[in-house]
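J.: One structure follows; several queries about it will come next.
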Amino acid sequence: MIFKLYISWNVDPALYEGIISLRYYSIFFAISFLLGFYIVKKMYINESAPIQWMDKKLVYAVLGTIIGARLGHVFFMSGIIMLKI
Numbered sequence: 075m076i077f078k079l080y081i082s083w084n085v086d087p088a089l090y091e092g093i094i095s096l097r098y099y100s101i102f103f104a105i106s107f108l109l110g111f112y113i114v115k116k117m118y119i120n121e122s123a124p125i126q127w128m129d130k131k132l133v134y135a136v137l138g139t140i141i142g143a144r145l146g147h148v149f150f151m152s153g154i155i156m157l158k159i
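For the sequence shown, the residue numbers in the numbering used here are 75 to 159.
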């Protein structure tokens, strides 16, 4: 009975494995960008701002997220691995 009272933190991140592996955090990234896009689109419509500006900002947000995630992984995770060597 006591063995069922703990949380397993070792969750498999892959939702689907095939030619292209689909992971849960990639789904969360996509949902956040789509949700953010629609929220900002409503804000732009309410403020009568040009929608073309929003498209550029979305591209910058996606690129910034990808580059920032990679840099964070290299500096923080690989740095820890290098310190162990």
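Virtual Cβ for every residue (Gly too), placed ideally from N, Cα, C. A quick note: this is a predicted structure, and the numbers were derived from the prediction, not measured.
1) Where Ser-106 and Tyr-80 are concerned, what is the direct C-alpha to C-alpha distance, given to the nearest angstrom?
2) Helix, strand or coil for Ala-123? Go by DSSP, reduced to three states.
3) Compute the Euclidean distance between the alpha carbons of Lys-116 and Pro-124, then round it to the nearest angstrom.
4) Flag this pair as yes or no: are the beta carbons of Tyr-98 and Leu-108 separated by less than 7 Å?
5) Quick check: the Cα distance between Phe-111 and Val-133, rounded to an integer number of angstroms?
6) In the stretch 76-141, which residue ranges form an unbroken beta strand (DSSP E) of at least 3 residues, counting only runs that do not cross its ends?
7) Quick check: the Cα distance between Asp-86 and Ser-152, rounded to an integer number of angstroms?
T.: Short version:
1) 30 Å
2) coil
3) 12 Å
4) no
5) 11 Å
6) 88-90
7) 21 Å
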